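Numbering (my numbering), first residue to last: 1 to 569. Ideal Cβ positions, reconstructed from N, Cα and C, are used throughout, including at glycine. Only a predicted model underlies this, so the values are computations on that prediction, with no experimental measurement involved. Notes follow the structure.
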RNA sequence: UGGCGAGUAGCCUAACGGUAAGGCACCUGCCUCUGGAGCAGGGGAUUGAAGGUUCGAAUCCUUCCUCGCCAGCCA
């Protein structure tokens with residue numbers, strides 16, 4: 001098994017203790033288990049999201065830290081919702097995230113024969129029976145949270161009859177819903193999961209792996225624990241909503257001749273502000289066209305975050321930094337951003353690009369002259385070296401970087417003011433050119449030839465440094481800016497989740513001018529546009545029409561000041 | 001309402017009977033050719049509440065409160 005060791009936020013370590021690791025360590029120490037075996041068991045009914053990454057990180061991470069192994073097992077017991085497409089994408093995503101199950105790829109459907117035998121065994125032992133009640137009738141008999149259930153009239157039917165019926169269910173003799181196999185436990189149990197839970201249902205459906213070989217399929221409860229036992233899983237780690245199923249999990253393990261006794265431990269699932277981690281909702285967002293697909297950069301899916309430009313390392317750091325516990329939690333989105341920026345700041349090459357261009361003419365700069373300025377590829381990493389960036393008489397700067405009447409604390413370009421063009425020259429604004437409508441269309445500036453490279457010998461130090469791009473070299477691009485999909489930190493808390501969808505979670509900018517070397521940047525790489533944020537080429541790019549996604553902005557003190565100012569007035 | 005689980009600063013997590021720690025966020029200062037990054041510092045917690053046990057309780061006990069999960073032939 002080869003798993004990259006995640007780097008981690010300062011003050012934490014990837015193998016930081018948590019209550020599950022404590023249990024695992026004790027089981028090892030006290031000889032209850034020899035080798036730790038965990039599993040990640042997705043149902044192939046959708047794409048993986050950041051919540052799954054927490055589960056992946058826990059199960060793969062514990063296996064790694066304790067020298068064991070982690071299996072990937074598809075929980076494919078409901079053919080009506082599962083597709084091969086999902087089976088493929090899930091594997092791709094896990095690999096991209098940096099985890100590997102080696103040879104240990106399994107499917108619950110691999111165990112259908114064994115599971116069927118065990119079901120028959122249970123019937124033979126008088127611990128399961130075929131029930132002819134309809135779904136509605138079963139529900140009525142189940143009772144409620146406060147009232148006990150009633151026995152099905154079929155509960156005491158002869159074993160031989162159940163065995164015969166179960167065999168015929170398998171042969172496909174009955175239509176969907178005609179009968180089910182139920183465990184015979186206790187209709188009065190305070191735990192509703194123990195009130196004779198359904199073990200098998202009839203489903204004449206095509207299964208992505210077993211085709212039409214089966215017309216009955218095991219329920220989650222009958223498949224999961226036994227699959228764990230077959231694979232020798234020692235610690236079956238899942239989220240809190242399965243806690244209530246554990247007594248059933250244990251009951252089945254105790255009443256079946258399974259080859260091992262796995263132990264289920266539950267942890268709280270991940271929640272993040274401004275986002276929804278529910279496959280049902282994500283599927284709806286896709287199907288109703290609210291997003292560009294499962295891999296839309298706004299989606300909390302692994303595929304979406306990847307397309308957004310979030311590096312796998314940052315995602316891993318995020319989930320390990322969030323910890324493992326049993327208390328319900330909602331992580332602030334900012335913590336994800338922090339983990340991503342932390343990686344990107346270290347690794348992303350820098351480039352100059354202008355989102356909303358404003359023309360600048362350097363009046364005293366020779367027409368036709370081109371100078372190659374040396375610019376650091378990454379100030380955080382000298383080994384990344386430098387690159388040549390052409391400087392000419394006509395440039396573009398960011399429209400936001402100029403104000404005709406600058407307020408206090410606005411340090412950037414203004415009439416008569418001198419600023420530095422990063423790694424190039426100091427320039428001073430001499431004149432503002434407007435069109436008939438009074439719109440600023442151009443700035444006439446002068447440069448100081450003595451400041452080549454961006455330093456002045458006389459110790460002059462402009463308060464601002466701007467990014468820029470040569471007009472004759474810039475490449476035109478579309479840039480897509482992303483923000484939270486939902487407007488509130490707790491989407492749907494008021495009832496209507498879809499009413500909380502943000503109207504401007506995506507803003508598409510045309511006419512952006514980017515560093516021409518970006519034409520060769522492969523999809524999957526993320527760069528920093530200096531002073532603007534992190535950007536990554538989108539798969540929608542074509543040779544003549546490059547498209548970039550904004551991964552994240554840089555932390556922006558000026559923007560924050562502005563926002564506060566707006567609040568105060 | 002029956003059962004199960006959980007409550008530690010704005011958000012996460014730790015402390016395993018010995019006197020509340022770390023990350024994120026926030027605030028200051030320094031530094032800076034990214035208003036980025038970095039560095040240094042700071043504020044903020046009667047540990048859900050009330051009782052009890054103990055020399056000593058976030059940790060143990062009791063009661064209460066709040067929140068979450070369970071009444072699919074979903075997982």
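Counting C-beta pairs with one atom in each stretch, the region 489-498 and the region 364-382 have fewer than three that are closer than 8 Å, which means they do not touch. Around the Cβ of residue 457, a 10 Å sphere holds fewer than 16 other Cβ atoms; the residue is exposed.
In this structure, the CA atom of residue 560 is about 19 Å from the CA atom of residue 550. A straight-line Cα-Cα distance of about 7 Å links residue 209 and residue 109.
Taken in chain order, the unbroken stretches of alpha helix (DSSP H) that lie wholly in the region 278-328 and span 4 residues or more are 279-287, 302-308, 312-322.
DSSP, reduced to helix, strand and coil, places residue 185 outside both helices and strands of the structure shown, so it counts as coil.
The C-beta distance from residue 240 to residue 217 rounds to 26 Å, too long to meet the 8 Å contact threshold. Excluding the 5 residues flanking it on each side, residue 141 has same chain C-beta neighbours closer than 8 Å at 133, 149, 150, 151, 152, 187, in chain order. By DSSP's assignment, residue 176 forms no beta bridge with any residue. Residue 507 has its alpha-carbon roughly 17 Å from the corresponding atom of residue 500. Close CB contacts of residue 329 within its chain, under the 7 Å cut and outside five residues either way in sequence, are with 268, 271 (chain order). A distance below 7 Å separates the beta carbons of residue 420 and residue 465.
Listed as beta-bridge partners of residue 448 by DSSP are 426. Excluding its 5 nearest sequence neighbours in each direction, residue 201 has C-beta neighbours in its own chain below 6 Å: 180, listed in chain order.
In the structure shown, residue 550 falls within a strand segment according to DSSP collapsed to helix, strand and coil.
Annotated as distal: residue 277 and residue 297, with beta-carbon spacing of 7 Å or more. Exclusion of the five residues before and after residue 331 leaves 270, 271, 272, 273, 322 as the residues of its chain whose Cβ lies within less than 8 Å of its Cβ.
Sorting 359, 380, 159, 158 by C-alpha distance to the C-alpha of residue 470 places 359 at the top.
A contact between stretches requires three or more CB pairs, one per stretch, nearer than 8 Å, and the region 213-233 meets this requirement with the region 62-77. In the DSSP assignment, residue 226 falls within the unbroken alpha helix (DSSP H) covering 220-231. The beta carbons of residue 283 and residue 46 sit closer together than 7 Å. By the 16-neighbour rule on beta-carbons within 10 angstroms, residue 234 is buried.
Residue 543 and residue 362 have their C-alpha atoms roughly 31 Å apart. Cβ-Cβ distances below 7 Å link residue 281 to 497 in the same chain, with the five nearest sequence neighbours on each side left out; the list follows chain order.
In this structure residue 537 does not touch residue 552 by the C-beta definition: roughly 16 Å separates them, more than the 8 Å allowed.
In this structure, the straight-line span from the alpha carbon of residue 403 to that of residue 413 is close to 7 Å. When secondary structure is reduced to three states using DSSP, residue 421 falls in the strand class. Between the alpha carbons of residue 503 and residue 35 lies a gap of roughly 51 Å. Within the DSSP bridge table, the entry for residue 236 names 264 as partners. Between residue 514 and residue 353, the C-beta spacing is below 7 Å. With a threshold of 16 other beta carbon atoms within 10 Å, residue 461 falls short and is exposed.
Of the candidates 248, 563, 89, 422, the residue whose Cα lies closest to the Cα of residue 294 is 89. When DSSP states are grouped into helix, strand and coil, residue 54 belongs to the helix group. Excluding sequence positions up to five before and after residue 50, its CB lies within less than 6 Å of the CB of 300, all in the same chain and listed in chain order. Contact check between the region 334-344 and the region 79-95: fewer than three CB pairs, one atom from each, fall below 8 Å, which does not count as touching. By the Cβ test, the region 443-459 is not in contact with the region 376-390, since fewer than three Cβ pairs between them sit closer than 8 Å.
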